[in-house]
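Participant:
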Amino acid sequence: MKVRPALIAATLASGSVLAADPLPKADVARGQQIATQVCAACHGPDGNSIGPANPKLAGQIPEYLAKQLLNFKPGPDNKPAARPNPVMATFAAPLSADDVRNVSAFYSTQTLKPEKARDVKTITLGERIWRAGIADKNVPACAGCHGPAGAGNPAQYPQLWGQFAEYTEAQLKAFRSGERSNDPNRMMRLTASRLSDQEIKAVADYIAGLR
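Numbering (this note's numbering), first residue to last: 525 to 735.
Shown next, in the form of structure tokens:
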């Protein structure tokens, strides 16, 4: 049964999986071509970007990458993008549903070159938030959704381990302010809203060194 591109886009954007009608197999070689032409300048040819303004994509869950790319595009009937970003909107706009799937699959096959935790003074706090949360602030453990080692879960929960601390910190603050709002059921916005700057910085640094 042929799967229409519109159906692929709707499926990935919602983070759901069609058990009875699986998505076509990705073309990793084509994904590499797209990455080289469109993405490499910011994210590196293998998804290991050199600066924290641009996240590392190597080894990331392909369903999550695809969802984010589609979220940078305007929605049906030209509704605003679920994840507004002028730079990424420009690069995502010409990508078809097949392109999105292929480039996401390519980056998922690459080997992450992880960052390291840098602040020994906040390791204990960061580890506590990651593993146990903060009970008196109703902050759940990050590991509950992203996994003990930060490997994530397809579509909704990205791989986090080894990511730039600065990027993770920026995204948590964006969720906290509402600048970023493409999280299912407001999960990240609610969690981040209960974290202080110090707590965000501590857990972001801990995540960078997580293995």
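Here a beta-carbon is modelled for each residue, glycine too, at the ideal position from N, C-alpha and C.
Classify Asn626 as helix, strand or coil using the three-state DSSP reduction.
Facilitator: Here Asn626 sits in helix by DSSP.
Participant: Check whether the segment 689-704 and the segment 611-620 are in contact - that is, three or more C-beta pairs closer than 8 angstroms.
Facilitator: The segment 689-704, when compared against the segment 611-620, does not touch it at the 8 angstroms Cβ threshold.
Participant: Of the residues Glu690, Val663, Asn709 and Ala694, which one's Cα is nearest the Cα of Gln680?
Facilitator: Ranking the options by Cα distance to Gln680, first place goes to Asn709.
Participant: Taking Gly657 as the reference, which of Asp643, Asn677, Leu696 and Glu723 has the closest Cα?
Facilitator: When only C-alpha atoms are compared, the closest one is Glu723.
Participant: Alpha carbon to alpha carbon, what distance is there between Gln695 and Arg718?
Facilitator: Straight-line Cα distance between these residues: approximately 14 angstroms.
Participant: As a quick exercise: from Lys697, Thr560, Lys591 and Gln584, pick the residue whose alpha carbon is nearest that of His670.
Facilitator: Answer by Cα proximity: Gln584.
Participant: Assuming contact is defined by CB atoms lying nearer than 8 angstroms, are Phe630 and Gly555 in contact in what I supplied?
Facilitator: Going by C-beta atoms, Phe630 is nearer than 8 angstroms to Gly555.
Participant: Let me know the secondary structure DSSP gives Ile658 once reduced to three states.
Facilitator: In the structure shown, Ile658 sits in a strand (DSSP, three-state: E or B).
Participant: DSSP three-state label for Asn572, please.
Facilitator: Asn572: coil per DSSP, three-state reduction.
Participant: Below 6 angstroms CB to CB, which residues in the same chain sit around Val562 once its five sequence neighbours on both sides are set aside?
Facilitator: Closer than 6 angstroms at the Cβ level, and outside the excluded window around Val562, lie Phe615.
Participant: How many Å lie between Leu542 and Arg652 at the Cα?
Facilitator: Model confidence at Leu542 stands at a pLDDT of 35, short of 50, so the residue's coordinates are unreliable; what they give is reported in the following sentence. The straight-line gap from Cα to Cα measures roughly 37 angstroms.
Participant: Between which two residues does the alpha helix (DSSP H) harbouring Phe699 extend?
Facilitator: Taken as a continuous stretch (DSSP letters only), the alpha helix (DSSP H) holding Phe699 covers Ala689 to Ser701.
Participant: When we look at the beta-carbon of Lys725 and count the other beta-carbons within 10 Å, is it buried (16 or more) or exposed?
Facilitator: Lys725 comes out buried.
Participant: Quick check: the Cα distance between Ala617 and Lys549, rounded to an integer number of angstroms?
Facilitator: Approximately 22 angstroms between the Cα atoms of the pair.
Participant: Can you give the Cα-Cα distance for Val552 and Lys661, rounded to whole angstroms?
Facilitator: Taking the straight line joining both Cα atoms gives about 44 angstroms.
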